[in-house]
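Asker: Before I ask anything, let me first share the structure, which is written out below as structure tokens.
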Amino acid sequence: MNQTVLTGNLTADIETREIKARDKHSDDQHLSKFTLASNEGERVVFMPVEAWNMPHLAEYLFKGSKALISGSLKQENWETEAGDKRSRIVLTAYKVEFLDPAPEQDASRRSATPATKSRSADSRQSTSRSRRAA
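Everything in the sequence shown is counted per this note's numbering, starting at 171 for the first residue and increasing by one.
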């Protein structure tokens, strides 16, 4: 089983991209990319993260935000134009939890949604809802 959980801070704002479906039987996809800096003792590990179909992440996470990411590791391999082989490990997120406090809201909304409520994004959420409906 390939499961990884990391906590850390975003090193930059999230880059987002819409990926158009190649055929009429597929849905368009949304890709959010960012790098997470995670302290490992005296070292800092910089982990590239891809989050598919979580378009709202860029609304809540930005450079410096603290997050807990659950996902799976994959290795990407490619060759440069000069013929050099390169590779890197990427964390493909399936759950993102926002660890910073919720932003202040106006008084009328504050009572309905307390700031201490856990906030997260899960790419499997819509899938599990549609399975329950079936």
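The beta carbon of each residue, even a glycine, is placed where N, CA and C say it ideally should be.
Taking just the CA atoms, how far does residue 207 sit from residue 233?
Answerer: Distance between the alpha carbons of residue 233 and residue 207 is about 11 Å.
Asker: Do residue 221 and residue 242 have their CB atoms nearer than 7 Å?
Answerer: No, the pair does not count as a contact, with Cβ atoms beyond the cut-off.
Asker: Taking the DSSP output, what are the residues bridged to residue 257?
Answerer: Note: residue 257 sits in a beta bridge opposite 247.
Asker: Is residue 265 near residue 235, with beta carbons less than 7 Å apart?
Answerer: For residue 265 and residue 235, no; Cβs fall outside 7 Å.
Asker: So is residue 184 buried or exposed if we call it buried at 16+ other beta carbons inside 10 Å?
Answerer: That one is buried.
Asker: Just to confirm the assignment, what range does the alpha helix (DSSP H) spanning residue 228 have?
Answerer: Residues 227–230.
Asker: Does the segment 222–232 come close enough to the segment 171–184 that 3 or more CB-CB pairs lie under 8 Å?
Answerer: Taking 8 Å as the limit for Cβ pairs, the verdict is that the segment 222–232 does touch the segment 171–184.
Asker: Between 197, 255, 246 and 189, which lies nearest to residue 217 when the distance is taken from Cα to Cα?
Answerer: Considering only alpha carbons, the answer is 246.
Asker: Using beta-carbon positions only, say whether residue 219 and residue 204 come within less than 7 Å of one another.
Answerer: Their beta carbons are under 7 Å apart, which means residue 219 touches residue 204 by this criterion.
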